[in-house]
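Presented below is the structure to which this report refers.
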Amino acid sequence: MNMNANSVEVRDLDLHFGDVKVLQKLNIDIHEGEFLVLLGSSGCGKSTLLNCIAGLLDVTDGQIFIKGDNVTWAEPSDRGIGMVFQSYALYPQMTVEGNLSFGLKNARVPKAEIEKRVARAADVLQIEPLLKRKPGALSGGQRQRVAIGRALVRDVDVFLFDEPLSNLDAKLRTDLRVELKRLHQQLENTMIYVTHDQVEAMTLADRIAIMKGGKIMQLGTPDEIYNRPQNIYVAGFIGSPAMNMIEGQIQGAEFVADGLSLPLDGYEFIGAAPASQAAVIGIRPEHVLTGDAAASVAAKAEVEVQIVEKLGSDTLVHASLGTHNLRLRMDGLSAVKAGDRITVGFDTSRASLFDASSEARL
Amino acid sequence: MAETMSPPKSRLLDGPRGSKPKSRFSRRNIFLYGTLLLVSVYYLLPLYVMVVTSLKGMPEIRLGNIFAPPVDITFEPWVKAWAEACTGINCDGLSRGFGNSIKILVPSVALSIAIASVNGYALANWKFKGSEVFFTILIIGAFIPYQTMIYPIVIMLREIKLMGSLWGLVLVHTVFGMPILTLLFRNYFTSLPEELFKAARVDGAGFWGIYFRVMLPMSIPIFVVAMILQVTGIWNDFLFGVIYTKPETYPMTVQLNNIVNSVQGVKEYNVNMAATLLTGLVPLIIYFVSGKLFVRGIAAGAVKG
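Protein sequences appear in the order of chains A and B.
Add 13 to a position in the first sequence, counting from 1, and you land on the number used in the numbering used here.
Add 2 to a position in the second sequence, counting from 1, and you land on the number used in the numbering used here.
Here it is as structure tokens:
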């Protein structure tokens, strides 16, 4: 698997619906064999970008390349893509077999070859017993498998998924997610996957592109996105419960906010460390230390517990630190209760600092 | 304590169980079925009079008791209406008009539905520049009174040498069916999931491929609705028939009028009734056969199926 070659390239893509600019000068390179997730809240343009790559929407400006070919004006069927939709979009009057072979018949693939490919896809997805049934007689999970199979038989380079798991119940979604991951490891195709579910994004992706307002806010591995968010939007979007954001000042080697003074010696600045600047510090709930761990760090504060949420695996605590609200994640067996005053510590080497005005990472 | 606080009998273990008994002759039922019965009789009485009159001979009709059932059942008026009644110089009954109507009906229905369904499909799924404007113009067409278009169409048909022929009338019916049928089909195709259309495009099906192999099989109900609308509409048409055809090519409705309204000789009420019933037979059969499908189709078109 050559990770350097680009499978899909999008160059300066613009898409306008009348006056509404849905995509603006968007650039993205997707590597060969990569699992790329487009993540964002609704209306951010992620599905629109996918539809542009598929050729289902005519772009206003810019270019799209797939495997080095300029496919900007090409028909969807000539782009070497397969697509899976949220609503499955199976042809209701055809059997599963008919659904799988429809695209191949349109492409005038010889009959023997069609049978071979349908059999292979059915085997990979374990849907052989369903081949003679109609979509109406299938469960949601089975339907989505058939929809994936329809992309599979086309033997394409690039798979496009438009929120494929959103219509399934929670249990099935988790199962199919693992299956998709396995499928990707087995096929080694390029996959572009649109979702608004950050768990899906984190677990499936080689790289995640977080979108907002038709632009990519950050493109990186799940690790980078989670631990080194490039701006406040990404930092706040990823992670549940959300990252704690505290406004304050960088003064020398310290971050100062009311009632709080945090030494920044462990923090890796992108450029040179600013001597004095208005800034926002972002600390994930699990990086707020308690108990013995809190005692061992220099940056400490006392907080008052206000709400305790027991999740079983861990406990979410909402506390107040001066005028700020602080969310922290504690052990599932923790005995803290509302009204307690506890000492918390901050691991600033794992925090994120943002410029207060440009909202970009420092 | 048990004696003093005993609950009412209806709450005891051997109290009410299962479905609540209903009175068949409750006030609600009498009112409901009474009204329905009254309305049905009101609508069915004329039909009854027509049927019994058409089965009587003229002497019996002259007795004047129109509600009495026939004493002497005769099918003579039906035979006469179908094969012998005279209109103008032709004395071969309604059979000629029936033939003409069939020759007008079949191509008109087939053509208008074929064209309108493709129109609706294109307007719903293949939006082009100006498609909304085109659609609006088409819909406005449905609201223009027929009267304003009668004479221009006479001129147009004369220019293309179709005035007075069956094909001229077929053309008129096809064109006039276009607005409402296109609206019907467009709304139906719009209600089908868009992702299905996208999936078919990714699968490499073109305009006609998607129409015939994906859309058509999903649209049987709406085709049935369109067929019923067109069959009854075109069969019952009188105005266009009388204007754009000539005596040899008159449709059944026009011929019926000519039989019933002929001023010469004795008014043969039994023949008139039989002729009217014969003319109404086709829409009647269509409704009886497809009533269930019709209701289902209307519902399918109205809300997302």
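The beta carbon of each residue, even a glycine, is placed where N, CA and C say it ideally should be.
Around the CB of residue 129 of chain B, fewer than 16 other CB atoms lie within 10 Å, so the residue is classed as exposed.
Distance check between residue 279 of chain B and each of B:191, B:238, B:116 and B:182 places B:238 closest, using alpha-carbon atoms only. Judged by their CB atoms, residue 89 of chain B and residue 261 of chain B are nearer to each other than the 8 Å cut-off. Residue-level contact by beta carbon fails for residue 125 of chain B and chain A, as no gap is shorter than 8 Å.
The C-alpha of residue 266 of chain B lies about 32 Å from the C-alpha of residue 169 of chain B. Neighbours of residue 115 of chain A across chain B, judged by C-beta separation under 8 Å: 202, 205, 207 and 215. For residue 95 of chain A, the residues of chain B that pass the 8 Å Cβ criterion are 204, in the order they occur in the chain.
Membership of residue 18 of chain B in any alpha helix (DSSP H) is not indicated, and neither H nor E is assigned to it by DSSP.
Taking CB atoms only, residue 102 of chain A has a neighbour in chain B less than 8 Å away.
In this structure the stretch 248 to 260 of chain A does not touch the stretch 84 to 92 of chain A; the number of beta carbon pairs closer than 8 Å is below three. The beta-carbon of residue 219 of chain B is placed less than 8 Å from the nearest beta-carbon of chain A.
A contact is defined here as three or more CB-CB pairs under 8 Å, and the stretch 183 to 192 of chain B meets this definition with respect to the stretch 110 to 121 of chain B. Note on geometry: alpha-carbon atoms of residue 19 of chain A and residue 221 of chain A lie some 16 Å from one another. Segment contact: the stretch 295 to 306 of chain A against the stretch 337 to 344 of chain A, three or more CB-CB distances shorter than 8 Å; contact assigned. Judged by DSSP in its simplified three-state form, residue 202 of chain A adopts coil rather than helix or strand.
In the three-state reduction of the DSSP assignment, residue 282 of chain B falls in the helix class. Using a Cβ distance threshold of 8 Å, residue 137 of chain A and residue 165 of chain A count as a contacting pair. Cβ-Cβ distances below 6 Å link residue 165 of chain B to 159 in the same chain, with the five nearest sequence neighbours on each side left out; the list follows chain order. A distance of 8 Å or more separates the beta carbons of residue 204 of chain B and residue 104 of chain A.
In the three-state scheme derived from DSSP, where H, G and I count as helix and E and B as strand, residue 346 of chain A is classed as coil.
Relative to the Cα of residue 228 of chain A, the nearest Cα in the group A:30, A:29 and A:35 belongs to A:35. Nearest in C-alpha terms to residue 235 of chain B, of all of B:286, B:269 and B:212, is B:286. Only exposed fits residue 241 of chain B, as fewer than 16 other CB atoms lie within 10 angstroms of its CB. Annotation for residue 66 of chain B: no residue places its beta carbon closer than 6 Å to its own, counting only its chain and skipping 5 residues before and after. Assignment of alpha helix (DSSP H) within the stretch 303 to 344 of chain A, counting only whole runs of 4 or more residues, yields 304 to 308 in chain order. At least 8 Å separates the CB of residue 99 of chain B from every CB of chain A. Shown here for residue 22 of chain A: same chain residues with a beta carbon closer than 6 Å to its own, the five before and five after excluded, namely 42 and 78 in chain order. Contact between residue 49 of chain A and residue 206 of chain A holds, since their C-beta atoms are separated by about 7 Å, short of 8 Å.
By the neighbour-count criterion, in which 16 or more other beta carbons inside 10 Å mark a residue as buried, residue 213 of chain A falls on the buried side.
In the structure shown, residue 219 of chain A falls within a coil segment according to DSSP collapsed to helix, strand and coil. Straight-line measurement puts the Cα of residue 226 of chain B at about 16 Å from the Cα of residue 123 of chain B.
Within the stretch 101 to 171 of chain A, the runs of alpha helix (DSSP H) at least 4 residues long that lie entirely inside it are, in chain order, 109 to 119, 124 to 138 and 153 to 165. At a cut-off of 8 Å, the C-beta of residue 253 of chain B has no neighbouring C-beta in chain A. Proximity of residue 211 of chain B to chain A, defined by a Cβ-Cβ separation below 8 Å, is satisfied.
Of A:268, A:281 and A:126, the smallest CA-CA separation from residue 290 of chain A is found for A:268. Boundaries of the alpha helix (DSSP H) around residue 37 of chain B: 29 to 56.
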